[in-house]
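Residue numbers for the sequence shown follow my numbering, beginning at 229 and rising by one.
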Amino acid sequence: GAEPGALSRADGSTRFSHDGTQLLAAVWGPVEVRRARERPDRATLEVLVRPFAGLAGALERELELLLTETLTHLIQLTLHPRTLISVVIQPTHDDGSLLAAALHASCLALMHAGIPLRGMLGACTVAYMPDGSMFLDPTRLEEAGATSTATLAYLVRSSPDDDAEASCDLLLSHATGSVSITDLEALLSVTKEAARATIRFCRQAMLAGRAPLDPPLLALGKLA
């Protein structure tokens, strides 16, 4: 599920869940940026991943790098030079396919904040099992038993009624283990279709909208 506007203190936010994985995403900006980080030709993008408990570690740093790489190509940064756009992600429960969920949550929060984007972001994680089967959106248990996993993210540009003709450009391909050349064509086909399906869902979530909710369970202090 997706709840745009879950955090009233942010310029844009969403609470996103897929199966057992749940995240909060918040966006601030464009706002003034410190001169040392100012870029004359574009906005500065800052992505932070904060654990629900404890200190950030290697997983959070890796997610920050992958999200920054992808969102840099999603956001029209040149429209807001000399400013800062901050994206904060906080997983509240990780039951697999975390990177794909974080990408979707980021996109929805950016849209809710009114940040100009080049299109919509659709992502999908695939796990290849020892018996040759392929699982979409695997759980943590399925990921642990997989020989390899891959997360692909696409920039999809189309009108709301033109999904069949939508352009679908690969923005991110992140794999653990190896994916054979023979599996690559099927991987691209399956993940593109999954990305389009997720984007249709995200459009519906944005159109439906939700009132801001600030219960203690949202751990606002960690996103403030």
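Heads up, the beta-carbon is just placed ideally off N, CA and C, and yes, glycines get one too.
Contact check for T353 against D365 passes: the beta carbons are separated by less than 9 Å.
For M339, there is no enclosing beta strand (DSSP E); the enclosing alpha helix (DSSP H) has its first and last residue at 326-340. Here the C-alpha atom of D322 lies approximately 5 Å from the C-alpha atom of T249. Under DSSP, the beta-bridge partners assigned to T353 are T379. When the Cα atoms are used, A351 and L416 turn out to be separated by approximately 11 Å. The residue among G342, Y382, A341, L369 with its C-alpha nearest the C-alpha of L349 is Y382.
H402 and C335 have their alpha carbons spaced roughly 18 Å apart.
Counting only residues of its own chain and dropping the five nearest sequence neighbours on each side, E266 has a CB closer than 8 Å to the CB of T272, R310. In the DSSP annotation of this structure, the continuous segment of the beta strand (DSSP E) that includes I317 starts and ends at 311-321.
In the DSSP assignment, E260 forms a beta bridge with T311.
For V407, there is no enclosing alpha helix (DSSP H), as DSSP gives it neither H nor E. The C-beta distance from G373 to M357 rounds to 7 Å, short enough to fall under 8 Å.
With a beta-carbon spacing of about 7 Å, L399 and L302 fall inside the 8 Å limit used to define contacts.
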